[in-house]
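Number of protein chains: 2
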Amino acid sequence: MTDFRKPKSMVDQIYISLFNAITAGALEPGCRLVEQDLQKDFEVSRAPIREAIRLLEADGLVVVDAYKKKHVRNLTREDLVDNIPVLACLESLAARLATAKITTKQIDELEGINQEIQQAFSAGNFSKCAELNFAFHRVFLKVADNKALHRAIRSIVKSTLWLWLASQYYKNNAIIPSSIEEHALILESFRSKDVRLVETRVREHIENVLERFLKQSKFDTEGIYQFGGAIGQPGNEPSEI
Amino acid sequence: MTDFRKPKSMVDQIYISLFNAITAGALEPGCRLVEQDLQKDFEVSRAPIREAIRLLEADGLVVVDAYKKKHVRNLTREDLVDNIPVLACLESLAARLATAKITTKQIDELEGINQEIQQAFSAGNFSKCAELNFAFHRVFLKVADNKALHRAIRSIVKSTLWLWLASQYYKNNAIIPSSIEEHALILESFRSKDVRLVETRVREHIENVLERFLKQSKFDTEGIYQFGGAIGQPGNEPSEI
DNA sequence: ACCTTGACTGTTGTCGACAATCAACATATA
DNA sequence: TATATGTTGATTGTCGACAACAGTCAAGGT
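Chains A and B, in that order, give the protein sequences.
Sequential numbering of the first sequence, starting at 1, is according to this note's numbering.
Sequential numbering of the second sequence, starting at 242, is according to this note's numbering.
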């Protein structure tokens, strides 16, 4: 009767800590994850650490090299390029599904978020911009109300999230304003209930965002982060589906 | 110098065994996975079993109930319905990407597979039909050459595979022939390099296949497998992405 | 100088045991 | 009888220890 929120399991706590550390850039791509070290950091035994790492591996955030050593995954430019059409396709599907169901109130909510992005940008609060951007897309993903779609999008966002957060994307240029404009266009098409228009605009918006990001990311200047393509990428799962 | 293929790790072996057991229907939906029992079956300690189960959990094949007990996931009809537009969207994207790259030789390969499906169907070898069907789609997924897309599709197929395999889908009716016809149409549009046509036909093919499947699956007669919706579905991950 | 050999180290894989949790049942008390 | 309390069994969570394996380095032989 006293303690409401029980502490999450060790595995969950470690998973979340590592996930945040990776996506926030504290653990850089290519960085090794040594169970013994983590054991000291978290003051637990290796068992829950191993399980947490397995989960990160399933997320694609951690990869195992030929010697079974674990590393933070290093996204290549190609990985990111690959993600563009997939995410564009899934987000536009979400928008399409949402069009029929979305209420005026929810569109207003989106409008409010878009204004908040504007304000955060004016105030120079770029991490808030990032968070609000995710919030914007989460709204119609929720309206679309499709678990499989939600899962698919989350999987992609999770595995590349750190790139967004660790990047300079949300700073110092006119990228946010154009994103805000595109959001406004999307809202307009939601209001008109024009499914094809919604779909097209969301698809293009996602493509634009990712391509803009790609242009100004480190990829174009120095290629890749450390560890090039030396470490296996996800897709080495045991089964052959 | 003597042993070429080293034995996979315990975790991989257990993962594969359980994966196959679940998708083949040997472990029925709702069925509990008790570590102690599996320990006896596989003659290993609980550590690798726990890790394998974590992976299955990440795949969405195993869910954890409120009392932390592990169960084979029970897909609801809604889950399957949710998957239809997502898989249709992703497969048609794969087809679109493949259209530009696919060679005449590869189209011929697809044609060959389609004929093999026909033969297997005539011979009454339905499980071969299923396998060849997957092979057909794998071809242009491979041609599309997009790791992110491959990952997304595999994730969906993995989590619902058992339904296909455990079902009566590939038996006793005219569903296969119409699938073969649709494949032929897809091939034709690949040959014409008409991207929009390819995209549309693949999308419709996937939608048709899944809807036909849905119609004749157990869902329509007795609703759901045991355990209804009592057990949490995937999506209860610790983080809030 | 070059190659082998063997010991040492760092790291992961696996194990058996103990602790914690919860359901189910039994027992006690009003 | 009904409610509260204790006990037991089943199951999962966590731990510390050992085994296995690759990499490094130094000693020794050719």
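Note that CB positions come from ideal geometry on N, CA and C, so glycine has one too.
Asked: Between A/D268 and chain B, is there a C-beta pair that is closer than 8 Å?; Found: In the structure as shown, chain A begins at 1 and stops at 241. Residue 268 of chain A is therefore absent and cannot be evaluated.
Asked: Helix, strand or coil: how does DSSP classify A/V139 here?; Found: helix
Asked: Whose C-beta lies closer than 6 Å to the C-beta of B/E444 among residues of the same chain, with five residues either side of it excluded?; Found: The question names Glu, but residue 444 of chain B in the sequence shown is Arg. Only A329, S333 meet the Cβ criterion.
Asked: With DSSP run on the structure shown, which of helix, strand or coil describes A/L87?; Found: helix
Asked: Cβ of B/D323 less than 8 Å from any chain A Cβ?; Found: yes
Asked: Please name the residue in B/V252, B/I325, B/T264 whose C-alpha comes closest to that of B/A293.; Found: B/V252
Asked: Check the DSSP bridge columns for B/H391 and list the partner residues they point to.; Found: DSSP, once it has assigned bridges, lists no residue as partnering B/H391.
Asked: Kindly say whether A/N74, judged by its beta-carbon, lies nearer than 8 Å to any beta-carbon of chain B.; Found: no
Asked: Verify whether the separation of the beta carbon atoms of A/N114 and A/L187 is less than 8 Å.; Found: yes
Asked: Determine, for A/A26, whether the minimum Cβ-Cβ distance to residues of chain B falls below 8 Å.; Found: no
Asked: Consult DSSP for B/V285 and reduce its assignment to one of helix, strand or coil.; Found: coil
Asked: Taking only the alpha-carbon atoms, compute the straight-line gap between A/D220 and B/I255 and give it to the nearest angstrom.; Found: Since pLDDT at A/D220 reaches only 45, below the 50 mark, its modelled position is unreliable, and the value read off the structure follows with that caveat. Looking at the two C-alpha atoms, the distance is approximately 42 Å.
Asked: Using a Cβ cut-off of 8 Å (strictly closer), state whether B/L373 contacts chain A.; Found: no
Asked: Kindly indicate if chain B contains any beta-carbon less than 8 Å away from that of A/N125.; Found: no
Asked: Short check: CB of B/P214 to CB of B/V322, under 8 Å?; Found: This structure cannot settle anything about residue 214 of chain B, because the visible part of chain B is limited to 242 through 482.
Asked: Kindly list, in the order they appear in chain B, the residues whose Cβ is closer than 8 Å to that of A/L149.; Found: D323, P326, V327
Asked: Identify which residue in A/N83, A/K69, A/V64, A/E57 has its Cα closest to the Cα of A/T160.; Found: A/N83
Asked: Quick one: complete beta strand (DSSP E) runs, 3+ long, within the stretch 7-84 of chain A?; Found: 62-64, 70-72
Asked: By DSSP, does B/T344 sit in helix, in strand, or in coil?; Found: coil
Asked: Counting only Cβ pairs nearer than 8 Å, list the residues of chain A close to B/I397.; Found: A148, A152
Asked: Along chain A, which residues have their Cβ under 7 Å away from the Cβ of B/R291?; Found: E51
Asked: Indicate whether at least one CB of chain A lies closer than 8 Å to the CB of B/S382.; Found: Just to set this straight, residue 382 of chain B is Leu in the shown sequence, not Ser. No, because no Cβ of chain A sits closer than 8 Å to the Cβ of B/L382.
Asked: Comparing the C-beta of B/C370 with each C-beta of chain A, is any distance below 8 Å?; Found: no
Asked: Quick one: does B/D461 have its CB under 8 Å from some CB of chain A?; Found: Residue placement at B/D461 cannot be trusted, given a pLDDT of 45 that sits under 50; the coordinates are not used to answer.
Asked: Using a C-beta cutoff of 8 Å, does A/A47 count as contacting chain B?; Found: yes
Asked: With distances taken between CB atoms, is the gap from A/T99 to A/V34 smaller than 8 Å?; Found: no
Asked: Quick one: what does DSSP say B/K434 is sitting in, helix, strand or coil?; Found: coil
Asked: Could you tell me whether any Cβ in chain A is nearer than 8 Å to the Cβ of B/L338?; Found: yes
Asked: Determine contact between the stretch 418-427 of chain B and the stretch 356-371 of chain B, defined as no fewer than three beta-carbon pairs at a distance below 8 Å.; Found: yes
Asked: Is the stretch 52-63 of chain A touching the stretch 144-159 of chain A, taking contact as three or more C-beta pairs under 8 Å?; Found: yes
Asked: Give the DSSP-derived three-state secondary structure of A/G124 in the structure shown.; Found: coil
Asked: Report the option in B/R395, B/K369, B/L296, B/S368 whose CA atom is closest to the CA atom of B/R379.; Found: B/R395
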